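Take a look at the structure below.
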DNA sequence: CTGCCATTTTACCGGC
DNA sequence: GCCGGTAAAATGGCAG
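Residue numbers (our numbering), protein chains in the order written: chain X, 105 to 196; chain Y, 105 to 196; chain Z, 105 to 196; chain P, 105 to 196.
Put into structure tokens, the structure is as follows:
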């Protein structure tokens, strides 16, 4: 650990497979559980897009709007301005 | 919408900014709410890694382990598929 | 093969490891060679973006422009129009 | 560009639509040319799969095999990394 | 035309 | 704090 490369055996209290191993396991299980929930939410989001699509809205465009709403007004305007500059430069 | 260009005003019920606009807004708000929850979970996961790091475990390695655990199922399937290929190749 | 599951032993002419195996191997090698070339081109593209960045252009925006140029004028205008509709509907 | 907002007119040499615009255009054209080649290779690869299919090989399985071959190097590295983890865990 | 697979884009994380 | 690489998500293309 002194060399900064180590991973297990935190604070020299125990060796892998012992108490530290149990601690590590608990961390991993907490992480995996949280990741499952996260994955479930991703599924929920997909479902909402699908439902919206069923009502005539285009998910692709909806995503763009969500993305725009996520940005601050300043950032959004700046990016749009720069894009305009590039577009004019190449004539699109 | 018969012209294939539109998306808003599903079922001819309303125009943008009207009822359809409200519907769209509701979808977007549902999505944004779910994304917030998802983001919160991502934050929780980060915290667990940070806590583990505080106890001497290296997040980088932990991520590797999580990844390996996750891939196990997929790899097993891959391996079974390959086994099938070989079985078919030899006609068993 | 009649059951639709088989892959090797095409036309019942040979068994894996034999002529068919050689044929398969040749196909795989052709594919792998082409994929290497493809990967090299991807590297070249990355380099161009990096060079442009070094001259003050933002790759992120450049990619958007490339994407716009890829679309037909009609598609591009339609998409922009629809995005405007959605944006107005939710007030972005 | 001292204000960090600009990108075009690198080194204050020109304005959009001018020299900088030409430079940008050249970058975009290089990129688009490379992408065309890349796309052509993708088409070639697809053709090889199609030809193989015509000779009784299943593209789906072939892709799996190609993928497995490709992953071998990565897996080997992964395995070595994991070995390192274990070595560190036991302090060898 | 729906679902799958590949590619591309986006977000995240550790290093400098 | 930026930047590069790495993993997740989304978009697009293709077969069935």
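All C-beta atoms in this analysis are idealised placements derived from N, C-alpha and C, irrespective of residue type, glycine included.
No experiment lies behind these values; they were computed from the predicted model shown.
Do you know how far the Cα of residue 175 of chain P is from the Cα of residue 190 of chain P? Position 86 of the fourth chain, counted from the first residue, corresponds to residue 190 of chain P. Position 71 of the fourth chain, counted from the first residue, corresponds to residue 175 of chain P. Whole-angstrom Cα-Cα distance: 22 Å.
For residue 189 of chain Y, would you say it is in contact with chain P, using Cβ-to-Cβ distances shorter than 7 Å as the test? Here the question's residue 189 of chain Y lines up with position 85 in the second chain. It does: the Cβ of residue 189 of chain Y has a partner Cβ on chain P nearer than 7 Å.
Taking Cβ positions only, does residue 193 of chain Z come closer than 7 Å to chain Y? By one-based count along the third chain, residue 193 of chain Z stands at place 89. Yes - at least one Cβ of chain Y is within 7 Å of the one on residue 193 of chain Z.
With residue 170 of chain X and residue 132 of chain P assumed to form a contact (beta carbons below 8 Å), what rounded beta-carbon distance in angstroms separates them? Taking the first residue of the first chain as position 1, residue 170 of chain X is located at position 66. Taking the first residue of the fourth chain as position 1, residue 132 of chain P is located at position 28. Incorrect: roughly 28 Å between the Cβ atoms, too far for contact.
Hey, is residue 268 of chain Y's beta-carbon within less than 7 Å of any beta-carbon in chain P? For residue 268 of chain Y there is no data in the structure shown, the boundaries of chain Y being 105 and 196.
Would you report the Cα separation of residue 178 of chain P and residue 143 of chain Z, rounded to the nearest angstrom? For the purposes of this step, residue 178 of chain P is taken as the residue at position 74 of the fourth chain. For the purposes of this step, residue 143 of chain Z is taken as the residue at position 39 of the third chain. Taking the straight line from one Cα to the other gives about 16 Å.
Determine the direct distance from the alpha carbon of residue 196 of chain P to that of residue 188 of chain P, and round the result to whole angstroms. The sequence position of residue 188 of chain P within the fourth chain is 84, counting from 1. The sequence position of residue 196 of chain P within the fourth chain is 92, counting from 1. Residue 188 of chain P and residue 196 of chain P: Cα-Cα distance of roughly 9 Å.
Between which two residues does the alpha helix (DSSP H) carrying residue 152 of chain X extend? The count along the first chain starts at 1 and reaches residue 152 of chain X at position 48. Per DSSP, residue 152 of chain X belongs to the alpha helix (DSSP H) from 123–158.
Identify every run of the alpha helix (DSSP H) within the segment 161–189 of chain X, keeping only runs that are complete inside it and at least 4 residues long; order them along the chain. 163–174
Please state if the CB of residue 152 of chain P and the CB of residue 165 of chain Z are separated by a distance shorter than 7 Å. In the third chain, residue 165 of chain Z corresponds to position 61, counting from 1. In the fourth chain, residue 152 of chain P corresponds to position 48, counting from 1. No, Cβ-Cβ distance for residue 165 of chain Z and residue 152 of chain P is not below 7 Å.
Pull up the distance between the alpha-carbon of residue 115 of chain P and that of residue 160 of chain Z, whole angstroms please. As a working note, residue 115 of chain P is residue 11 in the fourth chain. As a working note, residue 160 of chain Z is residue 56 in the third chain. Unreliable positioning characterises residue 115 of chain P in this predicted model, as indicated by a pLDDT of 45, which lies under 50. The coordinate reading is nonetheless provided below. Distance between the alpha carbons of residue 115 of chain P and residue 160 of chain Z: 8 Å.
If you draw a straight line from the C-alpha of residue 122 of chain Y to the C-alpha of residue 172 of chain P, how long is it? As a working mapping, residue 122 of chain Y is identified with position 18 in the second chain. As a working mapping, residue 172 of chain P is identified with position 68 in the fourth chain. Near 54 Å, if we compare the C-alpha coordinates of residue 172 of chain P and residue 122 of chain Y.
Could you tell me whether the Cβ of residue 185 of chain Y comes closer than 7 Å to any Cβ of chain P? Taking the second chain and counting its residues from 1, one reaches residue 185 of chain Y at position 81. Chain P contact via Cβ: present.
Do you know how far the Cα of residue 148 of chain P is from the Cα of residue 147 of chain Y? Residue 147 of chain Y sits at position 43 when you count from the first residue of the second chain. Residue 148 of chain P sits at position 44 when you count from the first residue of the fourth chain. Distance between the alpha carbons of residue 147 of chain Y and residue 148 of chain P is about 44 Å.
DSSP three-state call for residue 194 of chain X: helix, strand or coil? For the purposes of this step, residue 194 of chain X is taken as residue 90 along the first chain, with counting starting at 1. Residue 194 of chain X falls in the helix class under three-state DSSP.
To the nearest angstrom, how far is it from the Cα of residue 139 of chain X to the Cα of residue 157 of chain Z? Residue numbering aside, residue 139 of chain X sits at position 35 when the first chain is read from its first letter. Residue numbering aside, residue 157 of chain Z sits at position 53 when the third chain is read from its first letter. Going by the C-alpha atoms only, they are around 36 Å apart.
Name the chain P residues whose beta carbon is nearer than 9 Å to that of residue 168 of chain Y? As a working note, residue 168 of chain Y is residue 64 in the second chain. The contacting residues are 182, 185, 186, 189.
Buried or exposed for residue 109 of chain X, going by 16 or more other Cβ atoms inside 10 Å? Counting from one through the first chain, the residue named residue 109 of chain X turns up at place 5. With a pLDDT of only 46 at residue 109 of chain X, under the threshold of 50, the placement of this residue in the model should not be trusted; the figure read from the coordinates follows. With fewer than 16 other Cβ atoms within 10 Å, it is exposed.
For residue 168 of chain Z, tell me which candidate among X/167, X/186, X/162, X/181 has the shortest Cα-Cα distance. Against the third chain, residue 168 of chain Z aligns to sequence position 64. The option with the nearest alpha carbon to residue 168 of chain Z is X/186.
Find the residues of chain X that neighbour residue 149 of chain Z, judging by a C-beta separation of less than 8 Å, and give them in chain order. For the purposes of this step, residue 149 of chain Z is taken as residue 45 along the third chain, with counting starting at 1. Within 8 Å Cβ-Cβ: nothing; residue 149 of chain Z doesn't reach chain X, min ~17 Å.
Considering only their Cβ atoms, is the gap separating residue 145 of chain P from residue 141 of chain Z smaller than 7 Å? Sequence index remark: in the third chain, residue 141 of chain Z carries index 37 (1-based). Sequence index remark: in the fourth chain, residue 145 of chain P carries index 41 (1-based). Cβ distance < 7 Å, so residue 141 of chain Z and residue 145 of chain P count as in contact.
Just the C-alpha distance for residue 150 of chain Y and residue 124 of chain P, rounded to the nearest angstrom, thanks. Here the question's residue 150 of chain Y lines up with position 46 in the second chain. Here the question's residue 124 of chain P lines up with position 20 in the fourth chain. Approximately 43 Å, taken between the alpha carbons.
Leaving out the 5 sequence neighbours to the left and right, which residues in its chain are closer than 6 Å to residue 163 of chain P when beta-carbon positions are compared? In the fourth chain, counting from the first residue as 1, residue 163 of chain P sits at position 59. Excluding sequence neighbours, residue 163 of chain P sits near 153, 157.
Straight-line CA distance for residue 137 of chain P to residue 126 of chain P? Stepping through the fourth chain from its first residue, residue 137 of chain P is reached at position 33. Stepping through the fourth chain from its first residue, residue 126 of chain P is reached at position 22. C-alpha separation (whole angstroms): 16 Å.
For a contact meaning CB atoms closer than 9 Å, what does residue 129 of chain P contact in chain X? Counted from its first residue, the fourth chain places residue 129 of chain P at position 25. The answer, in chain order, is 193, 194, 195.
Just how far apart, CA to CA, sit residue 155 of chain P and residue 130 of chain Z? Working through the fourth chain from its first residue, we reach residue 155 of chain P at position 51. Working through the third chain from its first residue, we reach residue 130 of chain Z at position 26. Rounded to whole angstroms, residue 155 of chain P to residue 130 of chain Z spans 12 Å at the Cα level.
Residue-chain proximity (residue 173 of chain Z, chain X), Cβ-Cβ < 7 Å: Here residue 173 of chain Z corresponds to residue number 69 of the third chain, with the count starting at 1. It does: the Cβ of residue 173 of chain Z has a partner Cβ on chain X nearer than 7 Å.
Would a check of beta-carbon distances place residue 141 of chain P closer than 7 Å to chain Z? For the purposes of this step, residue 141 of chain P is taken as the residue at position 37 of the fourth chain. Chain Z, which has a Cβ nearer than 7 Å to the Cβ of residue 141 of chain P, makes this yes.
Return the CA-CA distance between residue 181 of chain P and residue 182 of chain Z, expressed in angstroms with no decimal places. For this step, residue 181 of chain P is matched to residue 77 along the fourth chain. For this step, residue 182 of chain Z is matched to residue 78 along the third chain. Those two C-alpha atoms are separated by around 48 Å.
Using the Cα positions of residue 192 of chain Z and residue 184 of chain X, report the straight-line distance between them to the nearest angstrom. The count along the third chain starts at 1 and reaches residue 192 of chain Z at position 88. The count along the first chain starts at 1 and reaches residue 184 of chain X at position 80. About 16 Å.
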